[in-house]
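Numbering (the working numbering), first residue to last: 133 to 257.
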């Protein structure tokens with residue numbers, strides 16, 4: 133299964149970025165064999181709609197699960213509409229987040245966990 137992790141870098145040792153729509157990159161991990169691909173987040177510098185664009189990118193790449201720190205309402209709705217399960221509150225490295233997911237230690241989010249524009253300094257809910 134293809135799992136995306138919002139990341140601060142381009143390896144499995146990169147830290148999970150707490151921001152979904154404004155992370156610098158997504159590490160897309162195939163959980164069967166831990167192979168991965170890094171996709172730069174072209175939406176990071178957008179004035180608005182970064183989470184929506186990032187969600188569309190992940191859907192286009194065939195992602196089924198997102199592991200991230202925080203996810204706002206517009207991004208959350210985009211991801212859910214694309215059939216992507218969202219897990220928030222993730223931290224540590226990309227590899228650690230994947231391991232926690234595979235061990236069933238994470239719970240899917242039932243709603244966004246931050247307000248709109250939180251990644252732009254708008255604050256937490």
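All residues carry an ideal CB built from backbone N, CA and C; glycine is no exception.
Nearest to residue 159 (by Cα), restricted to the options 137, 199 and 150: Position 27 of the chain shown, counted from the start, is the residue given in the question as residue 159. For the residues 137, 199 and 150, the minimum Cα distance to residue 159 belongs to 137.
Nearest residue (CA-CA) to residue 144, options 151, 155 and 167: As a working mapping, residue 144 is identified with position 12 in the chain shown. In this structure, 167 is the residue among 151, 155 and 167 with its C-alpha nearest to the C-alpha of residue 144.
Burial state of residue 260 (16 or more Cβ within 10 Å): The structure shown does not extend to residue 260, since the chain is modelled only from 133 to 257, so the question has no answer here.
Per-residue DSSP class, three states only, for residue 176: Your numbering for residue 176 matches position 44 in the chain shown. Correct three-state label for residue 176: coil.
Cβ distance (whole Å) where residue 204 is taken to contact residue 223 below 8 Å: By 1-based counting over the chain shown, the position of residue 204 is 72. By 1-based counting over the chain shown, the position of residue 223 is 91. Taking C-beta atoms under 8 Å as the contact rule, residue 204 and residue 223 fail to qualify, at a distance of about 18 Å.
C-beta atoms of residue 186 and residue 207 nearer than 8 Å: In the chain shown, the residue the question calls residue 186 occupies position 54. In the chain shown, the residue the question calls residue 207 occupies position 75. Against a cut-off of 8 Å, the Cβ pair of residue 207 and residue 186 comes out as a contact.
Neighbour-count burial assignment, residue 254, 16 or more Cβ in a 10 Å radius: As a position in the chain shown, residue 254 is number 122, starting the count at 1. Low per-residue confidence applies at residue 254: pLDDT is 43, beneath 50, and the placement is therefore not dependable, though the value from the model is reported in the following sentence. Around the CB of residue 254, fewer than 16 other CB atoms lie within 10 Å, so the residue is classed as exposed.
Distance, residue 146 Cα to residue 236 Cα: Walking along the chain shown from the start, residue 236 turns up at place 104. Walking along the chain shown from the start, residue 146 turns up at place 14. The alpha-carbon atoms of residue 236 and residue 146 are separated by roughly 21 Å.
Proximal residues to residue 170 (C-beta, below 7 Å), its chain only, five neighbours per side dropped: The residue given as residue 170 occupies position 38 in the chain shown. Excluding positions up to five away in sequence, the list reads 142, 157 and 159.
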